[in-house]
Amino acid sequence: MPTETTTILVNQFLSVHFDSVQRVLNTRTMSTDAAETPLTSVKEARRFMIDCLKAVDTPTEHAEAMADLLVEADYRGIFSHGMNRLGMYVNDVKAGACDAKAVPKILQETPATAWVDGQNGLGAVVGNFCMSLAIEKAKNVGVGWVCAKGSNHYGIAGMYSMMALERGLLGMSFTNTSPFMSPTRSKKAALGTNPLTLAAPGENGESFILDMATTTVAVGKIEMQKRKDEPIPHGWAQDSEGESTTDAFEAYDVGCLMPLGGREITSGYKGYGLGMLVEIFCGILSGSLYGPYIRKWGSTADVANLGQCFIAIDPKCFAPGFECRMSDLMNYLHNMEPADPSKPVLVAGDPEKAYKVLVDKAGGIRYIKNQLDTCLQLAKELNVVPLQHLQHTCDC
Ligand SMILES: NC(=O)c1ccc[n+]([C@@H]2O[C@H](COP(=O)([O-])OP(=O)(O)OC[C@H]3O[C@@H](n4cnc5c(N)ncnc54)[C@H](O)[C@@H]3O)[C@@H](O)[C@H]2O)c1
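Using this note's numbering, the first residue of the sequence shown is number 376, and each one after it goes up by one.
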């Protein structure tokens, strides 16, 4: 949940830029049919997620950790990693590919580092454990660097960097994932969409929260285009011949997303390099599976054995006034003259903070129809109370 100060700041920002921010958010997340669907409260979305996970024997505490992760994604407008992922996690647990009861254990430790075995537990359980450990170490010795093997898909990477942010620290996190990125010049995928995140505190609750895949987009964004039956832009994915495609179904089936930057001519090799950076911090450092050896996306035939990395840094160990300089820089950026007057300059994290305010103003999350249909089907399969909706409608 946003702090009171953050809400006030975001409200101030939105009072000036509401229309343009809403336009950005609509193109990123909302479907053309979204305005016709009912609203769902954040609390109810969380209840439904918990019930579904408990229906496949997930302990309550672990189901709550997963639901907090998923609902935060939807609340932030990252629909690719919220309710959209629930079925995948349920399937992993049901098939026994992931052990919902598992608790991570520390294999090796120094004052600043830890190597953790996630013991094939749920991604949020492993992620929360590791980032809490990194935070504790940063509070004690200035920096905490924790790597885990034996983990599962951990959702939005930003969830973990924000844990450090809440404690006044810089937070970073990385994960490897099933092969989906075609290295520059390749016709096949060998690395995952390998996200990275950095959260850094400014003054008065302000913050910078970069949370991004190292492919042009996360695979979940292609799933969302499929759900909406809409094309994808050029530069997101390749067809089977290695050419750019706009067909979301073909892109998903071929499974060759382009690295951030797209083709070689537009410096896609930099995204490829960043994907390798993430893989080195995750799979190579932790001894988990890595790159092409990770199971195919959506498969439950093998355990995932993902590698993840969590870093917390105490800015107080460096030059005094970190938060002040952060806010100064972000203010400068926000106040730059935009090329298009209707589109103000943003910093990373702004769209997601603004989306939370939109959800609060609307009174709930508006899922697209295809997503609601999937929820209904899941409720029937698992014999849980279907997702309930709010009655009133709103024009945002
Ligand atoms: N667990 C996994 O395996 C996995 C894999 C890939 C991605 N993901 C998650 O998917 C989510 C979406 O990733 P994505 O790369 O598609 O995100 P994105 O492209 O929507 O946003 C990336 C970043 O850019 C910032 N941003 C957006 N518009 C901006 C603007 N105009 N100016 C400045 N900054 C701006 C956002 O605040 C965000 O920090 C992330 O939460 C990521 O962690 C998870």
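We treat Cβ as the ideally placed atom computed from N, Cα and C, and that holds for glycine.
No experiment lies behind these values; they were computed from the predicted model shown.
Which word fits residue i, buried or exposed, when buried means at least 16 other C-beta atoms lie within 10 angstroms of its C-beta?
| i | result |
| --- | --- |
| Lys-718 | exposed |
| Met-599 | buried |
| Ala-420 | buried |
| Cys-522 | buried |
| Asp-725 | buried |
| Ser-406 | Reliability of the predicted coordinates at Ser-406 is poor, the pLDDT of 41 falling under 50, and no value is obtained from them. |
| Asp-432 | exposed |
| Asp-408 | Unreliable placement is indicated for Asp-408, whose pLDDT of 45 sits below 50; no coordinate value is reported for it. |
| Met-376 | Any reading at Met-376 must be qualified, since the residue scores a pLDDT of 38, below 50, and its modelled position is unreliable; the value itself is stated next. That one is exposed. |
| Asp-703 | exposed |
| Lys-731 | buried |
| Cys-505 | buried |
| Asp-474 | buried |
| Glu-447 | buried |
| Thr-590 | buried |
| Lys-524 | buried |
| Glu-484 | exposed |
| Cys-692 | exposed |
| Glu-411 | exposed |
| Gln-613 | buried |
| Ala-588 | buried |
| Met-790 | With the chain covering only 376 through 771, there is no way to say anything about residue 790. |
| Glu-581 | buried |
| Thr-404 | Note on Thr-404: pLDDT 46, under 50, position unreliable in the model; no value is reported. |
| Thr-402 | Confidence at Thr-402 is low in this model, with a pLDDT of 45, below 50, so its placement is unreliable and the value that follows should be read with caution. Its Cβ having fewer than 16 others within 10 Å, Thr-402 is exposed. |
| Arg-560 | exposed |
| Glu-654 | buried |
| Ser-615 | exposed |
| Asp-604 | exposed |
Using alpha carbons as the reference points, say which of the options lies closest to residue i.
| i | options | result |
| --- | --- | --- |
| Leu-757 | Glu-419, Asp-426 and Cys-684 | Asp-426 |
| Lys-562 | Lys-744, Ala-626 and Tyr-450 | Ala-626 |
| Ser-661 | Ile-669, Leu-652, Thr-675 and Gln-683 | Gln-683 |
| Arg-460 | Leu-635, Ala-470 and Gln-746 | Gln-746 |
| Ala-513 | Asn-551, Ala-687 and Asp-715 | Ala-687 |
| Val-478 | Thr-621, Thr-749 and Glu-436 | Glu-436 |
| Trp-490 | Lys-691, Lys-731, Asn-706 and Ser-663 | Ser-663 |
| Gly-648 | Lys-601, Ser-615 and Pro-570 | Pro-570 |
| Cys-631 | Thr-568, Thr-749 and Ala-475 | Thr-568 |
| Tyr-535 | Arg-560, Ala-470 and Leu-508 | Leu-508 |
| Glu-698 | Leu-444, Leu-544, Met-463 and Ile-453 | Leu-544 |
| Phe-685 | Ala-430, Leu-540 and Pro-434 | Leu-540 |
| Lys-596 | Gly-457, Asp-748 and Ile-740 | Gly-457 |
| Met-538 | Ile-510, Gly-580, Arg-670 and Asp-748 | Ile-510 |
| Val-594 | Phe-555, Gly-580 and Asn-579 | Phe-555 |
| Pro-608 | Ile-743, Ile-584 and Thr-621 | Thr-621 |
| Glu-439 | Met-424, Ala-430, Arg-451 and Phe-656 | Met-424 |
| Asn-515 | Gly-493, His-528, Leu-497 and Arg-542 | Arg-542 |
| Val-468 | Gly-646, Leu-428 and Gly-493 | Leu-428 |
| Val-592 | Pro-713, Ser-455, Glu-605 and Pro-413 | Ser-455 |
| Asn-579 | Ala-714, Arg-700 and Pro-761 | Arg-700 |
| Met-705 | His-528, Ile-584, Asp-443 and Gly-530 | Ile-584 |
| Lys-671 | Phe-656, Cys-657, Ile-659 and Asp-628 | Asp-628 |
| Arg-602 | Val-722, Thr-749 and Ala-430 | Thr-749 |
Since residue i contacts residue j with CB under 8 Å, what's their CB separation in whole angstroms?
| i | j | result |
| --- | --- | --- |
| Gly-610 | Gly-637 | 4 Å |
| Ala-565 | Pro-558 | 6 Å |
| Leu-681 | Ser-526 | 5 Å |
| Gly-517 | Asp-689 | 5 Å |
| Val-465 | Leu-753 | 7 Å |
| Ala-532 | Thr-550 | 6 Å |
| Leu-733 | Val-720 | Between Val-720 and Leu-733 the Cβ distance is about 20 Å, and since that is not below 8 Å, they are no contact. |
| Thr-816 | Ala-499 | Since the first and last residues shown for the chain are 376 and 771, residue 816 lies out of range. |
| Ile-495 | Val-759 | Looking at the sequence provided, one finds Asn at residue 495 rather than Ile. Asn-495 to Val-759, Cβ: 24 Å. No contact. |
| Glu-727 | Ile-453 | 7 Å |
| Pro-667 | Gly-650 | Actually they are not in contact, since the Cβ atoms of Pro-667 and Gly-650 sit about 12 Å apart, beyond 8 Å. |
| Ala-470 | Trp-520 | Not really, about 33 Å apart at Cβ, beyond 8 Å. |
| Leu-652 | Leu-414 | Not quite, the Cβ-Cβ distance comes to about 40 Å (not below 8 Å), so this is no contact. |
For ligand 3, I want to know if residue i counts as a neighbour, meaning its beta carbon is within less than 7 Å of at least one of the ligand's heavy atoms.
| i | result |
| --- | --- |
| Ile-453 | You won't find ligand 3 in this model; what it holds is ligand 1. |
Task: Length at least 4, wholly inside the stretch 693–756: the alpha helix (DSSP H) runs in chain order - done: Taking only runs of at least 4 residues, the alpha helix (DSSP H) segments lying wholly in the stretch 693–756 are 697–709 and 725–737.
Task: Segments assigned alpha helix (DSSP H), at least 4 residues, entirely inside the stretch 506–554 - done: The DSSP assignment places 533–540 as complete runs of the alpha helix (DSSP H) inside the stretch 506–554, in order along the chain (cut-off: 4 residues).
Open item on the list: List, from N- to C-terminal side, the alpha helix (DSSP H) runs of 4 residues or more that fit wholly inside the stretch 450–493.
Closed with: Qualifying alpha helix (DSSP H) stretches, in chain order: 458–469.
Open item on the list: If we require 3 or more residues per run, which beta strand (DSSP E) segments fall completely within the stretch 558–633?
Closed with: Within the stretch 558–633, the complete beta strand (DSSP E) runs of at least 3 residues are 571–576 and 582–587.
TODO: Would you mind listing the alpha helix (DSSP H) stretches within the stretch 411–445 that are 4+ residues and don't spill past its ends, in chain order?
DONE: Runs found: 417–430.
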